[in-house]
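Structure first, commentary second.
Residue numbers (the numbering used here), protein chains in the order written: chain U, 1 to 219; chain D, 1 to 329.
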């Protein structure tokens, strides 16, 4: 059952080009920042470019590829028509998008540490950036998958991207978005009264709760 | 196999119900236009739409349960299939999901005459071919006990359409339940053992197709006959009292009579006496509007007969009227 959603991400040229494009953008910005900011470029690139822009857009594209740019329910119909349960098919689709996004973003997050400039030794920073980026990507994947269960053509996915963008930039109410917590964990602007541990737990909860609701709505 | 209890399904602007019925193995037609809610009801039976009220039970439980989904084959009008695969791979995936061996995929497709599609990519198939593949998978799987098809002859590969009736009848005889929606009384005559008619979302009639559909043209049944020599056959039929009216319109012979049995017997007798060959006998079905008008008229006269004497207070209606099976003559 994972074959179909995985093929939609890895075989469709639009999806793969999107992933490569965002990855190249992040790495290029990282390299430029290191050139001008020296050994502390990662302090800016990771939260403000990678966490705020690249991760949400890259995962938005991955989820979009998985649901064929439409609704989650419609995207699993090819499997339910031949005997798959709606729950299992929806779960497989969202998990594939989440794991794929986590692997790609985790790798990018780790790579950006030395590329954009970070004090040596940066092994610990690479490990931290990797798991934080992976967690953020997984949370975003579930978040956008939930959006894909609203609207006849899954237009809720784009609506949640906008909600995340605007609310995530508004102090005070940004805590309801993955954006604020991801930036908090990547060393960006701290959230008022929210520790990094709390942000990590919140992102994990986002991932699980959005996954559960989206699977229930799509079955 | 399917039990509906006061089911109401809604998907704006269409609503269907309340519907209560129980059916076992066999082939059943939900007769009506999409706006009459038949497609919506089929989706509710398949578990793709949750009913607004009432209960849907399929194979003893909710159709959304994983254990039941593997026994249900659903062929929608757009027949979605895993687009990244070849047709053979789709059958193997379906077999895995249903918990059975895929078997000879080409042989399964050959039951509907579309074995040439086995090695094609799903993304390269036309809608008609995709529907044929989906139908072949659903009807030839040993695990599917319930097959639901939207408008089986609409956007269907002509090779598959030719073999469809035979395969549906065979599956129904093997103990499966095949339910299809159609706005064509002719299709319900061809495929269904029993018809459930819906008009503007309300169930209006349940019965054998020949009881109402073939009789909907005035008082007589009408059949179209093709044969080796329709003129000679027509001349022989004109002498038979059971054939009330015979019209020769080569290559067709149109015969009208009181019942299908009478007309069929008259045709067989005429073929023997004139030594001509009969190639096909197809009951002529009335248009859907005529069928519904006939049903409405029959329902009205049944209500008039059942009405209480003048002055008596009629009993309040209870819950949804159950679609009772027809009385056998």
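Cβ coordinates follow ideal geometry from the N, Cα and C atoms, glycine included.
Requested in this report: Reducing DSSP to helix, strand and coil, say where residue 55 (chain D) ends up.
Outcome: Position 55 of the second chain, counted from the first residue, corresponds to residue 55 (chain D). In this structure, residue 55 (chain D) counts as strand in the three-state DSSP scheme.
Query - Interface partners of residue 66 (chain D) on chain U, CB under 9 Å - result: Within the second chain, numbered from 1, the residue matching residue 66 (chain D) stands at position 66. In chain order: 84, 85, 86, 87 and 88.
Query raised in the report: According to a CB-to-CB cut-off of less than 9 Å, which residues of the stretch 66–84 of chain D neighbour chain U?
Result: 66, 67, 68, 69, 70, 71, 72, 73, 74, 75, 76, 78, 79, 80, 81, 82, 83 and 84
**Report entry** Chain-ordered neighbours of residue 98 (chain D) on chain U, where CB pairs are closer than 7 Å
**Finding:** Here residue 98 (chain D) refers to the residue found at position 98 when the second chain is read from its first residue. Neighbours of residue 98 (chain D) on chain U, chain order: 83.
Report task. Express the C-alpha separation of residue 43 (chain U) and residue 35 (chain U) in angstroms, rounding to a whole number. Result -> Numbered from its first residue, the first chain carries residue 35 (chain U) at position 35. Numbered from its first residue, the first chain carries residue 43 (chain U) at position 43. So the alpha carbons of these two residues sit roughly 14 Å apart.
Query raised in the report: Taking just the CA atoms, how far does residue 122 (chain D) sit from residue 83 (chain D)?
Result: As a first step, residue 83 (chain D) is located in the second chain; it is residue number 83 there, counting from the start. As a first step, residue 122 (chain D) is located in the second chain; it is residue number 122 there, counting from the start. Cα-Cα distance, rounded: 5 Å.
Requested in this report: Tell whether a beta-carbon distance below 9 Å holds between residue 147 (chain D) and residue 45 (chain D).
Outcome: Residue mapping note: residue 147 (chain D) aligns to position 147 of the second chain, counting from 1. Residue mapping note: residue 45 (chain D) aligns to position 45 of the second chain, counting from 1. The answer is no: Cβ separation not under 9 Å.
Query - Environment of residue 95 (chain U) [buried if 16+ CB atoms lie within 10 Å] - result: The residue you call residue 95 (chain U) lines up with position 95 of the first chain. It counts as buried.
Report task. Mind checking who residue 348 (chain D) pairs with in its DSSP beta bridge? Result -> The shown model of chain D, from 1 to 329, leaves out residue 348 (chain D), and the question about it has no answer.
Query raised in the report: At a Cβ threshold of 9 Å, is residue 171 (chain U) touching chain D?
Result: Numbered from 1 along the first chain, position 171 holds the residue referred to as residue 171 (chain U). No, its Cβ sits nowhere closer than 9 Å to a Cβ of chain D.
Query raised in the report: In the structure shown, what three-state DSSP assignment does residue 200 (chain D) receive?
Result: As a position in the second chain, residue 200 (chain D) is number 200, starting the count at 1. Coil at residue 200 (chain D), not helix or strand.
Query raised in the report: Around the C-beta of residue 70 (chain D), are 16 or more other C-beta atoms found within 10 angstroms, so that it is buried, or is it exposed?
Result: As a first step, residue 70 (chain D) must be located in the second chain, where it is residue number 70. Label assigned to residue 70 (chain D): buried.
Requested in this report: Determine the direct distance from the alpha carbon of residue 219 (chain U) to that of residue 69 (chain U), and round the result to whole angstroms.
Outcome: In the first chain, residue 69 (chain U) corresponds to position 69, counting from 1. In the first chain, residue 219 (chain U) corresponds to position 219, counting from 1. Each residue's alpha carbon lies about 18 Å from the other.
Query raised in the report: Cα separation between residue 194 (chain U) and residue 16 (chain U)?
Result: Counting from one through the first chain, the residue named residue 194 (chain U) turns up at place 194. Counting from one through the first chain, the residue named residue 16 (chain U) turns up at place 16. Straight-line Cα distance between these residues: approximately 36 Å.
**Report entry** In chain order, each alpha helix (DSSP H) run of at least 4 residues that lies wholly inside the stretch 87–137 of chain D
**Finding:** 87–98 and 105–110
Report task. Give a yes or no on whether 9 Å exceeds the smallest Cβ distance from residue 126 (chain U) to chain D. Result -> Stepping through the first chain from its first residue, residue 126 (chain U) is reached at position 126. By this cut-off, residue 126 (chain U) is not an interface position.
Query - residue 107 (chain U) - DSSP class collapsed to helix/strand/coil - result: Looking up residue 107 (chain U) in the first chain gives position 107. If DSSP states are grouped into helix, strand and coil, residue 107 (chain U) belongs with the helices.
**Report entry** Proximal residues to residue 390 (chain D) (C-beta, below 8 Å), its chain only, five neighbours per side dropped
**Finding:** Nothing about residue 390 (chain D) can be read from this structure; chain D reaches only from 1 to 329.
Requested in this report: Indicate, with yes or no, if the ligand SAM has a heavy atom lying under 8 Å from the CB of residue 251 (chain D).
Outcome: You won't find the ligand SAM in this model; it holds no ligand whatsoever.
Query raised in the report: Checking contacts by CB at 9 Å: is residue 55 (chain D) closer than that to chain U?
Result: If you number the second chain from 1, residue 55 (chain D) lands on position 55. No, residue 55 (chain D) lies away from the interface with chain U (no Cβ there is under 9 Å from its Cβ).
Requested in this report: Taking only runs that begin and end inside the stretch 97–177 of chain U, name each unbroken alpha helix (DSSP H) of 4 or more residues, in chain order.
Outcome: 123–147 and 156–167
Query raised in the report: Okay, do the stretch 64–82 of chain U and the stretch 50–63 of chain D touch, 3+ Cβ pairs below 8 Å being the bar?
Result: no
Query raised in the report: Just reading off the alpha helix (DSSP H) that residue 224 (chain D) is part of, what are its end residues?
Result: Here residue 224 (chain D) is taken as the residue at index 224 of the second chain, counted from 1. No alpha helix (DSSP H) contains residue 224 (chain D), which is instead part of the beta strand (DSSP E) from 221–227.
Query - Neighbour flag for residue 63 (chain U) against chain D, beta carbons, 9 Å - result: Along the first chain, one-based indexing puts residue 63 (chain U) at 63. It does not; no Cβ of chain D falls within 9 Å.
Query raised in the report: Between U:99, U:140 and U:40, which lies nearest to residue 187 (chain U) when the distance is taken from Cα to Cα?
Result: As a working mapping, residue 187 (chain U) is identified with position 187 in the first chain. Considering only alpha carbons, the answer is U:40.
Query raised in the report: residue 11 (chain D) by DSSP, collapsed to three states: which one?
Result: Within the second chain, the letter at position 11 stands for residue 11 (chain D). In this structure, residue 11 (chain D) counts as strand in the three-state DSSP scheme.
Query - C-alpha gap between residue 19 (chain D) and residue 227 (chain D), whole angstroms - result: Translated into positions along the second chain, residue 19 (chain D) becomes position 19. Translated into positions along the second chain, residue 227 (chain D) becomes position 227. The straight-line gap from Cα to Cα measures roughly 43 Å.
**Report entry** 9 Å Cβ cutoff, residue 79 (chain U) in contact with chain D
**Finding:** In the first chain, residue 79 (chain U) corresponds to position 79, counting from 1. Yes, residue 79 (chain U) counts as interfacial toward chain D.
Query - Chain-ordered residues of the stretch 4–15 of chain U with a beta carbon less than 7 Å from chain D - result: 4, 7, 8 and 11
Query raised in the report: Is residue 213 (chain U) helix, strand or coil when you go by DSSP?
Result: Your numbering for residue 213 (chain U) matches position 213 in the first chain. Looking at residue 213 (chain U) - three-state DSSP - the assignment turns out to be helix.
Query raised in the report: Should residue 51 (chain U) and residue 117 (chain U) be called a contact, given that it needs their Cβ atoms to be closer than 9 Å?
Result: Mapped onto the first chain, residue 51 (chain U) falls at position 51. Mapped onto the first chain, residue 117 (chain U) falls at position 117. Not a contact, by the Cβ cut-off of 9 Å.
Query raised in the report: Hey, is the stretch 265–276 of chain D in contact with the stretch 230–238 of chain D, meaning 3+ C-beta pairs nearer than 8 Å?
Result: yes
Query raised in the report: When DSSP labels each residue in this structure, what does residue 141 (chain D) get in the three-state scheme?
Result: Taking the second chain and counting its residues from 1, one reaches residue 141 (chain D) at position 141. Residue 141 (chain D): coil per DSSP, three-state reduction.
Report task. Alpha carbon to alpha carbon, how far is residue 95 (chain D) from residue 168 (chain U)? Give it in angstroms, no decimals. Result -> If you number the first chain from 1, residue 168 (chain U) lands on position 168. If you number the second chain from 1, residue 95 (chain D) lands on position 95. Each residue's alpha carbon lies about 46 Å from the other.
Query raised in the report: Is residue 7 (chain D) closer than 9 Å to residue 30 (chain D) when the C-beta atoms are compared?
Result: Position 30 of the second chain, counted from the first residue, corresponds to residue 30 (chain D). Position 7 of the second chain, counted from the first residue, corresponds to residue 7 (chain D). The answer is no: Cβ separation not under 9 Å.
Query raised in the report: Of all the CB atoms in chain D, is at least one closer than 9 Å to the CB of residue 148 (chain U)?
Result: Walking along the first chain from the start, residue 148 (chain U) turns up at place 148. Answer no: the Cβ-Cβ gap between residue 148 (chain U) and chain D never drops below 9 Å.
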